[in-house]
Structure formats: structure tokens, C-alpha cells
Amino acid sequence: MQLTSEPVKVPNQNPEAGRDRASIRNSLSIATTALLAGTGLPGSQAMAAEGAGTDVGISNLRYAEYERVSVEKTMLKFERSLDEKNRLEATLIYDTMTGATPNGRVHIGDVDPSAVPVTTASGFSFTAGGATSDTSTRTSFTDFSDRRIALAATLQKQLKRLLSVTAGGAGSIESDYSSLGANLTAAMDLNQRRTTLTLGGGYNYDRISPEGGIKEGLSRVWCGPNTAVHPATLDCDNDPQLYHPANKTVLSLLGGMTQVLSRRTLLQVNYSYTDTAGYLSDPYKQFSVINGDIFNADGQIQEVGIFYEKRPRHRASQSVYTKLVIDAGRNSFHPSYRFFWDNWGIFSHTAELRNYFQLNSTTTVIAHMRYNQQHAADFYVDYFLHDDLAIERPDYASADHRLSRQDTYTVGLQLNYRVNESINIGTRAEAMYQSYLTTTIPDMPAGILQFLLKIKT
Amino acid sequence: MSWQLRFNQEKQYWIGYFDAMACPCTVFVDTDNHDIAHRATQLAFNEAKRIEYKYSRYRDDSIIGRINTARGQPTAIDTETELLLNYATSCFELSEGRFDISSGVLGKLWRFKDQHQPPASHDIATTLKHIGWHKAKIQPDQIQLPDGMAIDLGGIGKEYAVDRSILLIRQAGIRNVLVNFGGDICCTEGRRNDIPWEVILENPAAPDKPAALNLHSGAITTSGDSRRSFEYQGKRYSHILNALTGWPVEDAPRSVTVAGNTCLEAGMLSSFAMLEGKHARGFLQAQGVDYICID
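Residue numbers (the working numbering), protein chains in the order written: chain A, 1 to 457; chain B, 1001 to 1295.
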């Protein structure tokens, strides 16, 4: 199961990067090391280097959608300063994902929605073509269960006093998907460190190998016995072509600037461009052809055909992102806005606010709010009406709910507690509500619960 | 020009005493062995005096003296001086210009001891023209200051001497030593048998009730204005001067004590905290260090 169809994240695309005031201590520590180590006495590096040991972070996260997908994600992260100029980070992630996800088909009548189709034309493990006069449509779900392992490592190198470079590699494997990528970012300080410019690029190679192979897009999963699907548009007669594993490549570029506006405010602006090519469809997603408008039926609505989705083989997406960091003493506010658009017709707005509140010397509270508004891809459909298909064959079609028009509301709270100088613990809870502005997909509440532990050795 | 060594019966350790860099210096050596305590104190004394003579701004023959009288011409510098000046540059950038080793000349305007009103703003403006570390040109083997600018390593020198002394004492294989140069403290590790050093912290608000701290490793420094500050028109001005404005910082805590791995780091963090004025606590919390602020 492909859980993510995003390109590899180029470092510093993380909205929390960019200079924050706590890094003064780290920078000072590096400067002190340089001074004392340069005087040629043994042990000076160990004395001055605060990060001489390894920082270890462990986190366990549970994500659950109402009656849909559950994910449990365990992360282990190591950070170590190799010397005053080099820093290494390595992260290991283990996910388990289970539950039911919309498969793009429409659930009509008493049809059992939970089965997965097999490749042959006969012997389905689900029943299609159910009929109903019930106008409250539902989307059809498919159960799944999968596990994923991912490993990422980055090396940050201080080349000159004001120039640093980060190189990283990442890979992940799940039962039907594997990914391998590399990235490189450079950051340069100007204007007496008031301005930081960032430039980065990444490349990813993904391999998609679902069990049972990949069928050609817009080919049939099933057609009804008196099929009325017009032969000029979607083809019911031929057996769908079966392909072996497909692949896709992702190229991403990121440029950004962080600017100190005043002692209490920082501005960050990023632009990113991502180019994805290859097999970009979801091999498990399909769409339904029904014989009547669900809301205007007289008589019964019937499912007359099910077809595999098809997306273009190229996607070019861009985004601009801007964030302010406002320091108000114990409180720190981080509002941000992102606008995303691509050549599939999707565009989205994301507005976010984080508030960091220092309760006392050991406890920090982080409040989080987010609103995301996504507009559907050009080729997104809830379903096809048989009569419409008689007129024109679509080039692409997908009923994947992730490409539809949707609004997502999120609120969250995190508590970090410094147990002692070596141990930090944290806990985070988020509540999300995803509202789909379609006729078929129900609204979806979801929640996240996460525990974090960080140890300095 | 020498030092003394005495055995403290109550604590059962040796203490070396001398004066250097215009402050009383003590070296605590937790051992019964007189020769070891003698060696540790000798090392600290030699290093403190070496740095004092080399970097004193009161001596024309010191490197600082020569740099400050170069009248716009470049002055040759050695590796140690280059490293110290680079460190000063890092601190200048991290403090966004408020910590500036060329700002010592402001001390002529703000004398505090017998002062009852601020200097004239015209005088401050004139003095500010000769301040600005970004105007200095540093190369690996020379430095060139604009004519009229003078630098002073007062905000770095003592902490540097403490850290260097500890490094030399460690290199000589001596353990369980604490060095205290006028309140800037660092130790090689705790006392014998994992007992911490007991450090007394003066409370300017309650001088008869000092606080006791336990130090197991690393450094402690204190920045404060318990002796030098003045009030004018309802505002309290500390003796920490903001190099950008030429004025003292308002509403700084009376005393900031910071713990760090090295005296340089702790000292600079406590100086930065004082420069934050009333935001000192928030700043130190954000840095994640152990600190004590006394208003």
C-alpha cells in the first residue's frame, strides 16, 4: 500500500528549521571550541564541545481515523557532532498501517465493500453491480495492512565560517513499494548573520510493485452483464494489460531565505519545485460507472462498470511558503502560510499557527492550529455517469479521495518537560477533521497521540 | 608578584592565592599533597600573568596596546591573538552587535562611581563613531583598526585565562582542581570521592544571605552590577553598556549566574543575558542552561 505519494523532503523544508534563539548557545559552543582547540592543548575539544556525546531521540506516534486507517510509527534518531565542523544524524522509522481506505468505488446498496478484486475476469471476491434506490451514497472501502521501514542519514559540514552544506540519503521499503533518494543543501549567512540563504536539491527513485501486478489505467476491473458502457469510451471487452513493477523518479529543488527583521522577529520564505515522472497512479484505486444520477434517480441506480484509475505520467508542482517567528519573551508565535499548485489542477492553501509558551524553566507548551483547503485535480471524479461516457472518453480519471476538494481543520497541543540536563520528555495530541466536498466521501475525524523521549549522552 | 599556598583544615584541601587581571584569584586543589597543589597553583599563576601581560590594555608593550596605538596601520598578530579576535567576532555577530570589543571607550563617559546623571548625547554620538567591530579588518596574521578605535578583551580575557589554566592543569595530570579568577570559575571535575565543590554565590539583594551551589563539572560565571549602577529619573541603569546605542542596558537583573561547559561559554551567555535587560530570564530559558537571576 502506498501511504505517501510525496517526494523526498529536501532538508530545511521543515517549517521548524531556520534560526531560532536557542541556537545561540550551540553557535557559541562551536566558537568556544574553535578558540580553545586552536591553542593546541589536548582535551580542549572535549572540554568545550557540548555535543561531544550522542543525542538519542525515541518517539512513538499513533494516528487513527474514525473507522478508517490506523498507523503506528516508531522512530529512533541519533545525532552526533563528529568534531566542531561535522554533524551526523541518522533516523530509523518503523510504521505499521492497517484499516480500511476508500478505493475510489461507490458503495451502492448492500454490496460488501471490503474485498479486493483479483486479476481474472471471473472469481471475484466481491459483489459488484448492486442496485439501490437509497440516495445516500457511500464510498467503498478496502481493508489493508502493511509495514514499512525507513532509514535516513544526513551529514552537516561547516565548510567556512558562514557556509555549511548538508548531504543526505534516505530509503524505505514496504511490501509493495520501495524508495531511495539523496539530497544536498547549502546554507550561507550574510549581513553579519542576519540573512541566511538556502539552496537545495533532491532526487528520489521509487519502485511500485503491488501484489498481482499493475493494470493499465482506464482498463476494466469489471463490467456488468448487460453492459452499457459505451465501447468508444471505456473498453469492457479486452482483458486488461498486466505490467510488472513500475517506477517513478522525483526531482526537487528548494530555495529559501531567512531574515532577521528585528531582535524579536524572524522571517522565512521558501520556494520549491518538484518534478515527478513515471508511473504516478495508485494501482489499488478504481472508479465506478453508474447508470443514473444518484440524486435524481427514478427507479434504481446501478453500478455498471468498474475501471482502474489513470493519472498523467508527469507532475510538476510548486509551492511558496512563508513563516514569521515572533518572540514575545516567554511566548513565541510562529504563523505560516503555504500556497501549493501543480499541473494537475490541484492547488491548496495552508495556514498554520504555532505558539510556544515557556511555562517555567522545565516545561514548554506548544499549541498548534492548522487550516488546509485543497482544490481537486482536473481529472478527479466522484464517479462516472454511464450517459456521460457515451460522449467523450476521458484521458485521465481518478476517484482517489486524496485528490478531491477537501478542507482539513487541525488543533493540537504538545507538552515538553526537561527532566534533567540529559533527559527531555514530551507528549503531543492532535485532533483533525477532514471535510470532503464531494458527493461520495464522508467527512473524517482523526487523532494523533505521540510520545517523545530525548537523551543526551 | 607571587602567590601563597595554604592548607584549609576544615575542608581538607589546599588553596593557592594570588592577584592577577585586577582581581583576587584562588586555586583549590583537593589533595593532601603539597607538591601537587604547588604545581597546580604555579601553572594557573603563570598562565594568568602571561595572558594579563600579553592582552592588558593598560600596557603599551602588550599586543592590545600596540594594536590600539597603530593609528589606522595594520599590526602583526600571532595565532593565539587571531583566535581570540575571531572569537570576539563570533560574539559580536551572535549578539547582533551589542557585544563589541571596540566599545570600551564608552567607559570614559559612563563612570558610574561618582556619576549622577548620564553623559551628554552629543558626547555619546561622537564616541559611537569610533565603535563598531565590523569596521576592523582581521587577517590570519594581522589586524587593522580604523584610526581612533581601541579594543579591549576585558569581556573575554578572564574567562579565557580560567579555561586555559584548567587545560594546563589537566595536561599536567592534576585532578580535582577548581580555579576561581574573580568569580569566574571552572573545575577539572568535582572533589575527591565524587563530592561536588561548594561555591558561594553573593546575593546583591541580601548580602548577608548568600546562596550555596554544588559544582560537579564545568564552569560558573556571574555577571552583575551589584557595585556599579546608578538611578536617573526613575530608571535603573546597569554597568553593562549596549555598544549599539552607547547607553547602559535598562532593567537588567542585578546578577546573572550561568553554568556552562567552559568559562568562556558561561561568561558570554551571562553577558548576553544582561544585554537582554528585562528579557534576561526568557533568553536563558530558551538556551536551556542552568541559571540564577537576581533582580
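From the three backbone atoms N, C-alpha and C, an ideal C-beta is built for every residue, glycine too.
What you are looking at is a predicted structure, and each value in this text was computed from that prediction instead of being measured.
Under 9 Å by beta carbon: chain E residues contacting residue i
i              : result
R25 of chain A : Among the protein chains of the structure shown, namely A and B, there is no chain E.
Neighbourhood of residue i by C-beta, 8 Å cutoff - its chain only, sequence neighbours within 5 removed
i                : result
F1283 of chain B : F1272, A1273, E1276
F1092 of chain B : F1099, D1100, I1101, W1133, H1134
N1242 of chain B : R1098, P1248, V1249, L1275
Own chain partners of residue i with C-beta closer than 6 Å, once the 5 adjacent residues on each side are dropped
i                : result
N270 of chain A  : G256, Y321
T91 of chain A   : K77, A152
T1262 of chain B : D1163, A1219
A1044 of chain B : V1027, S1165, V1179
D460 of chain A  : Because residue 460 of chain A is not part of the residues shown, which for chain A are 1 to 457, the question remains open.
L61 of chain A   : K73, Q450
T154 of chain A  : E89, T166, G168
T427 of chain A  : L415, F451
N1068 of chain B : A1150
N1176 of chain B : D1030, R1191, R1192
L461 of chain A  : With chain A covering 1 to 457 only, the question about residue 461 of chain A has no answer from this structure.
Distance CB(residue i)-CB(residue j) smaller than 8 Å
i                : j                : result
S404 of chain A  : Y371 of chain A  : no
A1212 of chain B : A1048 of chain B : no
V250 of chain A  : N204 of chain A  : yes
N183 of chain A  : G171 of chain A  : no
T219 of chain A  : D235 of chain A  : A quick correction: the sequence has Ser, not Thr, at residue 219 of chain A. Yes; because the gap between Cβ atoms is below 8 Å, this pair is in contact.
D1100 of chain B : I1131 of chain B : yes
L452 of chain A  : I425 of chain A  : yes
W1003 of chain B : T1031 of chain B : no
A1037 of chain B : V1029 of chain B : yes
E1096 of chain B : R263 of chain A  : yes
T1257 of chain B : Y1291 of chain B : yes
V69 of chain A   : T101 of chain A  : yes
G1246 of chain B : L1084 of chain B : no
H314 of chain A  : I346 of chain A  : no
G213 of chain A  : L242 of chain A  : yes
P445 of chain A  : Y66 of chain A   : yes
I93 of chain A   : A150 of chain A  : yes
L28 of chain A   : E1265 of chain B : yes
A246 of chain A  : Y279 of chain A  : yes
M369 of chain A  : V411 of chain A  : yes
T139 of chain A  : H107 of chain A  : yes
T1089 of chain B : I1051 of chain B : no
R418 of chain A  : T362 of chain A  : yes
I24 of chain A   : Q1287 of chain B : yes
W344 of chain A  : A367 of chain A  : no
Paired residues, beta bridge with residue i - DSSP
i                : result
Y177 of chain A  : A:E174, A:I208
P102 of chain A  : A:F141
Y433 of chain A  : A:Y409, A:P445
F458 of chain A  : In the structure as shown, chain A starts at 1 and stops at 457, and residue 458 of chain A therefore has no counterpart that could be examined.
I306 of chain A  : A:W222, A:S288
M460 of chain A  : This structure gives no information on residue 460 of chain A, because the portion of chain A shown stretches from 1 to 457.
Q358 of chain A  : A:T364
T1142 of chain B : Reading the sequence as shown, one finds Gln at residue 1142 of chain B and not Thr. For Q1142 of chain B, which the question treats as bridged, DSSP gives the partners B:A1076, B:Q1139.
C1263 of chain B : Per DSSP, none; premise fails for C1263 of chain B.
Other residues of its chain near residue i: CB distance less than 7 Å, five sequence neighbours each side excluded
i                : result
S458 of chain A  : An answer regarding residue 458 of chain A cannot be provided, because it is not within the stretch 1 to 457 covered by chain A.
P1140 of chain B : E1082
K1054 of chain B : S1062, I1063
T400 of chain A  : The amino acid occupying residue 400 of chain A in the given sequence is Asp; Thr does not appear at that position. These residues qualify, in order along the chain: G104, D282, K285, E309.
Are the region 1211-1226 of chain B and the region 1239-1258 of chain B touching, with three or more C-beta to C-beta distances below 8 Å? yes
Any contact between the region 208-215 of chain A and the region 1096-1114 of chain B? By contact I mean 3 or more CB pairs, one from each, below 8 Å. no
Can you pull out the residues from the region 431-448 of chain A whose beta carbon lies closer than 7 Å to at least one beta carbon of chain B? none
Give, in chain order, every residue of the region 1143-1173 of chain B whose Cβ lies closer than 8 Å to some Cβ of chain A. Y1160, D1163, R1164, I1166, L1167, L1168, R1170, Q1171
Check each residue of the region 1095-1106 of chain B: if its Cβ is closer than 8 Å to any Cβ of chain A, include it; give the result in chain order. E1096, G1097
Residues from the region 1121-1139 of chain B in contact with chain A, defined by Cβ distance under 7 Å: H1134
Please identify, using Cβ separations under 7 Å, the residues of the region 326-358 of chain A that lie next to chain B, in order along the chain. G329, R330, Q358
Select from the region 1061-1089 of chain B all residues with a C-beta closer than 9 Å to any C-beta belonging to chain A, and list them in chain order. T1079, E1080, E1082, L1083, L1084, N1086, Y1087, T1089
Count the C-beta pairs between the region 300-313 of chain A and the region 346-363 of chain A that are closer than 8 Å, then say yes if the count reaches three, no if not. no
Would the region 1007-1022 of chain B and the region 429-438 of chain A be scored as touching if the rule is three or more Cβ pairs under 8 Å? no
What residues in the region 174-198 of chain A bring their beta carbon closer than 8 Å to a beta carbon of chain B? Q192, R193, R194
Touching or not, the region 1165-1175 of chain B and the region 1147-1154 of chain B, by the rule of three or more beta carbon pairs under 8 Å? no
Taking any Cβ of chain B, which residues in the region 248-281 of chain A have a Cβ under 7 Å from it, in chain order? R263
Select from the region 1224-1250 of chain B all residues with a C-beta closer than 7 Å to any C-beta belonging to chain A, and list them in chain order. none
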